[in-house]
Structure formats: C-alpha cells, structure tokens
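Reviewing the structure listed below.
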Amino acid sequence: MNQVYTPLIKQWLILLALTIGSTLVFEHSQLDVRISELFYSNGDWLLEKGGQPYAFILYDFPKALLILMIVALLVILILRYVRRKSTYTMRAKTFFIGLVTTLSNREIGYLLVTLIAVPTIIASLKAVTHVSCPNNLALFNGALPYLSIWQNIVANTEAKCFPAAHASAGFALYGFAYLPTLKRHRVKIIILTTILGWTMGMYKMLIGDHFFSHTLVSMLLSWTLACGFAMIFFAKRRVKKPVLLKISV
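Numbering-wise, the sequence shown is residues 2 to 250 according to our numbering.
Spelled out as structure tokens, the structure:
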C-alpha cells in the first residue's frame with residue numbers, strides 16, 4: 002500500500018464508521034425531537050416554507066450556484082480537450098474560473114464526479130430509507146407516526162427525507178479539500194464547507210423538512226464519498242524500478 006495514501010484510507014474508514022454510527026445512534030432519537038421542538042411553536046415552524054428571502058438565499062441560490070459550478074468545470078474540460086492542451090489557460094474574470102484554470106484535468110474530473118455524485122447518491126438514498134420529515138409526523142401536527150429507519154423501510158412509506166439532500170449540495174464542496182493543488186488549504190476548505198452545508202441544512206430544519214440527524218448523516222456521508230473518490234482519482238501507482246543486471250565478462 003502506498004504510504005502517501007495510508008492516512009487518506011484511514012480517514013475514509015473513520016468517516017464511514019462515523020456515518021454508520023451516527024445513523025444508528027441519532028436517527029429516531031429524542032435528541033432529534035427536542036431540537037426540532039425548538040423550531041416549532043403553536044402549530045407553526047420558525048420559518049414558513051417557501052417564504053422569501055430565505056428560500057432564495059438558502060435554497061434556490063445555492064442549488065443554482067452548484068449547477069453553474071458544474072457547467073463551468075465541464076466547459077473548461079471540454080475546451081482543454083478540444084485544444085488538446087492540458088495546460089490550457091484563459092483570462093480569469095472571476096476567482097472561481099481563475100482557480101479552476103490552475104487545476105489539472107484529473108482534478109477537474111474529480112470535482113465533477115464529486116459535485117454530481119454526492120447529491121445524487123444521497124438523494125437516491127432518500128427513496129430507499131422512506132424516513133418522514135418532521136412536518137409530516139403526528140408529533141408536529143402531521144399524520145404519520147414517528148418510526149425508526151428500519152420500520153420505515155419495512156412500511157415502505159412514500160416519505161423521502163433521510164439523509165438531507167439539499168444540504169449535501171453544500172457538503173459536496175468537501176471535494177475541493179482533497180485537490181492536491183489546494184492541499185495546504187484543506188483545513189480552511191473543510192471548515193468553510195461545513196459552515197455552508199449546515200447553513201443550508203439549518204434552513205430545512207427551521208421549516209420542518211429535516212431533523213438534526215438528517216443533516217449530520219448527510220455531512221458525514223458527503224465527506225466519506227469525497228474522500229473515497231479522492232483515493233480513486235489521486236492514487237499513485239507504484240513504478241517498478243528497472244532491474245540492473247551485472248554481466249561479468
């Protein structure tokens with residue numbers, strides 16, 4: 002095993018264990034209920050679903066920004082391919098474009114996979130877990146009982162609320178932390194991504210769409226996926242050293 006990537010593999014295993022452990026411990030817990038009760042009073046949630054300007058700032062805008070980011074990455078990758086120059090550069094009119102043009106094709110490919118796959122995988126899991134949103138539960142003036150994830154899977158309800166998909170769009174930016182070019186900024190990127198993801202997740206909690214555990218597991222799973230993709234994309238292959246034969250005459 003390459004010694005350079007041993008810490009990354011260990012980190013991935015720790016993140017995977019934390020994701021599974023958090024699901025088992027916090028999903029369907031009194032902690033979830035107590036936290037959501039802080040945002041619910043007299044039949045109403047702290048924020049109205051769809052109410053402006055919060056819906057635009059914390060829901061529509063981040064999603065649009067992620068899509069634009071993916072499109073920009075695709076355009077740069079296509080332009081490089083068309084011109085057949087991996088070192089293709091362009092005038093950096095924005096900070097993001099200026100940053101991306103310094104990345105290798107492999108790094109851009111990794112970002113594309115991470116930014117697309119993380120929200121997609123988490124959104125797909127929602128259709129498997131069948132966990133209800135707080136605002137649909139009898140605990141909060143809804144109609145559905147509060148069941149565990151296993152009970153919801155067996156019941157096969159139409160609910161699709163676990164893990165939190167919206168927040169995963171923000172947590173997908175953990176991918177930037179694993180770019181070799183930005184390695185020295187890894188801690189800063191992780192902190193900023195965590196703040197962004199939880200800001201997006203908190204909005205959904207304030208309107209009753211998610212419990213605390215939904216966002217927590219979304220964060221850990223997104224981080225796990227970003228780390229896993231990094232191991233695949235940036236794994237260094239061992240180069241066999243040529244064997245020198247001494248021929249005596």
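Heads up, the beta-carbon is just placed ideally off N, CA and C, and yes, glycines get one too. In this text, all values refer to a predicted model and were calculated from it rather than measured experimentally.
If you keep only unbroken beta strand (DSSP E) runs of at least 3 residues inside the region 36 to 69, you get nothing at all. If you draw a 10 Å sphere on the C-beta of residue 43, you find fewer than 16 other C-beta atoms in it, and that means exposed. Look at residue 148 here: in three-state DSSP terms it is coil, with no helix or strand label.
A residue is called buried when at least 16 other Cβ atoms come within 10 angstroms of its Cβ; residue 188 does not meet this threshold and is exposed. Between residue 101 and residue 14, the alpha-carbon positions lie close to 29 Å from each other. The C-beta distance from residue 112 to residue 198 rounds to 16 Å, too long to meet the 8 Å contact threshold. Residue 138 has 145 as its beta-bridge partners, per DSSP. Scanning its chain for C-beta atoms nearer than 8 Å, with the 5 sequence neighbours on each side dropped, one finds around residue 75 the residues 113, in chain order. In the displayed model, residue 108 falls within a helix according to three-state DSSP. Residue 205 and residue 22 have their C-alpha atoms roughly 23 Å apart. When only Cα atoms are considered, residue 41 and residue 70 end up about 35 Å apart. Counting along the chain, residue 133 sits inside no alpha helix (DSSP H), nor does DSSP assign it H or E at all.
If you look at residue 204, you'll find it in the alpha helix (DSSP H) that goes 187 to 207. Secondary structure note for residue 30: it is in no alpha helix (DSSP H), with a DSSP letter that is neither H nor E. The way I'd put it, the region 120 to 138 does touch the region 160 to 176; three or more beta-carbon pairs between them come closer than 8 Å. Taking C-beta atoms under 8 Å as the contact rule, residue 173 and residue 119 qualify, at a distance of about 4 Å.
Under the three-state reduction of DSSP output, residue 160 falls in the coil class, being neither helix nor strand.
Distance from residue 229 to residue 134 at the Cβ level is roughly 28 Å; contact not present, criterion being Cβ atoms closer than 8 Å.
In this structure, DSSP gives residue 19 a helical state, which the three-state scheme calls helix. Rounded to whole angstroms, residue 48 and residue 11 show a C-alpha spacing of 40 Å. Under the three-state reduction of DSSP output, residue 100 falls in the helix class.
In this structure, DSSP gives residue 231 a helical state, which the three-state scheme calls helix. Remark: C-beta atoms of residue 37 and residue 214 do not approach each other more closely than 8 Å. For residue 167, the enclosing alpha helix (DSSP H) starts and ends at 166 to 172.
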